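The structure appears right after this line, and notes come after that.
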Amino acid sequence: MPELPEVETTCRGIEPHLSGTRVQALTVRQKQLRWPVPDELATQIAGAQIRRVHRRAKYLLIETSHGTLIIHLGMSGSLRIVDDTLAPGKHDHIDLHFGQGKLLRYTDPRRFGAWLWCEEAVDQHPLLASLGPEPLGDDFSGDDLFTQSRGRKLTIKSFIMDSHIVAGVGNIYANEALFMAGILPLRAAGRISRMRYARLADAIQTVLKEAIRQGGTTLRDFLNSDGKPGYFQQSLNVYGKANDPCPRCHAPIRETRSGQRSTFYCSRCQR
Ligand SMILES: [Zn+2]
-4 MPELPEVETT CRGIEPHLSG TRVQALTVRQ KQLRWPVPDE LATQIAGAQI
46 RRVHRRAKYL LIETSHGTLI IHLGMSGSLR IVDDTLAPGK HDHIDLHFGQ
96 GKLLRYTDPR RFGAWLWCEE AVDQHPLLAS LGPEPLGDDF SGDDLFTQSR
146 GRKLTIKSFI MDSHIVAGVG NIYANEALFM AGILPLRAAG RISRMRYARL
196 ADAIQTVLKE AIRQGGTTLR DFLNSDGKPG YFQQSLNVYG KANDPCPRCH
246 APIRETRSGQ RSTFYCSRCQ R
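So in this note's numbering, the last spot in the sequence shown is 266, and the numbers never skip.
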C-alpha cells in the first residue's frame, strides 16, 4: 500500500512534468474507484493550467486555474508519466493529457483510490479539513502529541495512526518509529511521558525522511513506462520481520495482529 513517502516521491516525480502545462483532455476508462470519478470532471478540468502539484497527508493535490484535483492512491494506485502513444493496460483507468506527447497515467488494480475535484479552498474539503498537522511540517511536535494524548486509553500505535492527531503516518512507519523511540506499541497513549513523546516525534520524522530519501533513489521506477509501477523497497527494522533477530538486541521480533493490521516490536528494547 502506498504510504506517505511513496506519495511524496510520486509528487516530486510528477511535479516538474506537470507544472505550467495545460490540461488537454482527461480520459476516464473506469470511473468506479473508491468513490465514482465525477462525470463532469473531464469537462471541468479541460483547458485548465496546472499551477502546482503538492501533497497533504496521503492526498496528491494538482492545483489548476479551474480548481484542484484531489488524488488518493488507495491500496494499489500509482501514477506515471508516459508517452501518449502507449496503449493502456487493463488497470490503467485514467489518463490526464497535458500535451508535449505525454500523459499522466493512473493505474489501480484494486480500485480503492480516488480522483475528486474541488473548486473551493481545498484545505476546507471534507476529506482534508479535519486532518492533523503534517508530520514533516513545522507545527508537528512531541509536546503537541503529549498534550493531546492526556487521558487517552487507546494504544500509542493507534494514536499516532489517527489522521486527526498527525496526518499520514501509516502502519509501516508507526511500527518503525515506535521501535526507534523504544516505545511499546501497545502502551496506552495517555501513559507516555513528555520526554518520550519528544523522542517519538523525532523518530516519526526520521523514518519518513529516510524512506523519502530512499524513494528518491528509485524515482525512475515511478516514471518508467515499461517498468512495473511497484512501490520502493525500504530497509525496515521491525515491520514484516516477525521472529527475525532484533537489530539492536537480537531477541526475536514479535508480531501481534488486530484486524488486518500487524504490530511488530521487540519486547526487550521497547517498553
Ligand atoms: Zn531488541
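The C-beta atom is built at its ideal place from N, Cα and C for all residues, glycine as well. The structure presented is a predicted model; accordingly, all values stated were derived computationally and were not measured.
Residues of its chain near residue i, where Cβ-Cβ distance is below 7 Å and the 5 sequence neighbours each way are ignored
i: Q39; result: H61, G62, W112
i: H12; result: I76, K97
i: A196; result: F135, S136, G137, L140
i: S125; result: H159
i: H67; result: K53, Y54, G108, A109
Those residues which DSSP pairs with residue i across a bridge
i: K97; result: D78
i: D90; result: T22, R100
i: R17; result: Q44
i: L123; result: None, per the DSSP bridge assignment.
i: A183; result: T150
CA nearest to the CA of residue i, picked from the options
i: L91; options: R24, L122, R147; result: R24
i: H86; options: L28, R208, L98; result: L28
i: V202; options: S262, A183, I187, P130; result: P130
i: T59; options: V48, K53, A52; result: V48
i: K53; options: V2, R252, A183; result: V2
i: L149; options: A172, P180, P121, V164; result: P180
i: A37; options: E205, Y101, V18, A246; result: V18
i: A109; options: E205, P31, R252, E(-2); result: P31
i: D79; options: R252, Q95, G146, P242; result: Q95
i: A116; options: G84, I57, R182; result: I57
i: S153; options: R252, T16, R263, A41; result: R252
Same chain, Cβ closer than 8 Å to residue i, neighbours up to 5 away in sequence not counted
i: Y192; result: G137, D138, L140, F141, S144
i: R256; result: N166
i: K236; result: I248, F259
i: S14; result: I45, R46, R47, V48
i: I187; result: F141, S144, I151, I178, L195
i: M156; result: V164, G165, N166, A169
i: D239; result: P247, I248
Residues of its chain near residue i, where Cβ-Cβ distance is below 6 Å and the 5 sequence neighbours each way are ignored
i: N170; result: V233, Y234, F259
i: R194; result: A176
i: G51; result: Note that residue 51 corresponds to Arg in the displayed sequence, not to Gly. Contacts found: L123.
i: A172; result: A198, I199, V202
i: E250; result: A237, S257, F259
i: E10; result: V48
i: K223; result: Interpretation of K223 is limited by its pLDDT of 42, a score under 50 that renders its predicted location unreliable; the figure taken from the coordinates is listed afterwards. Once the five neighbours on either side are set aside, K223 has no close Cβ partner at all.
i: M(-4); result: M70
Contact belief for residue i with residue j at Cβ below 8 Å, rounded distance in angstroms
i: I160; j: G127; result: 5 Å
i: G69; j: F107; result: 3 Å
i: Q265; j: I178; result: 6 Å
i: S71; j: D103; result: 6 Å
i: I207; j: T4; result: 6 Å
i: C244; j: F174; result: Incorrect: roughly 11 Å between the Cβ atoms, too far for contact.
i: C6; j: L64; result: Actually they do not touch by this definition, with Cβ atoms about 13 Å apart.
i: L99; j: L81; result: Going by Cβ atoms, the distance from L99 to L81 rounds to 12 Å, so no, they are not a contact pair.
i: G185; j: G146; result: 5 Å
Note down, one range per segment and in chain order, each alpha helix (DSSP H) of at least 4 residues found wholly within the segment 133 to 178.
Correct list: 137 to 144, 151 to 155, 166 to 176.
Curious, which full-length beta strand (DSSP E) runs of at least 3 residues does the segment 230 to 261 contain?
Taking only runs of at least 3 residues, the beta strand (DSSP E) segments lying wholly in the segment 230 to 261 are 249 to 253, 256 to 260.
Could you tell me which whole beta strand (DSSP E) segments of length 3 or greater appear in the segment 19 to 87?
Within the segment 19 to 87, the complete beta strand (DSSP E) runs of at least 3 residues are 20 to 23, 45 to 51, 54 to 59, 63 to 67, 73 to 78.
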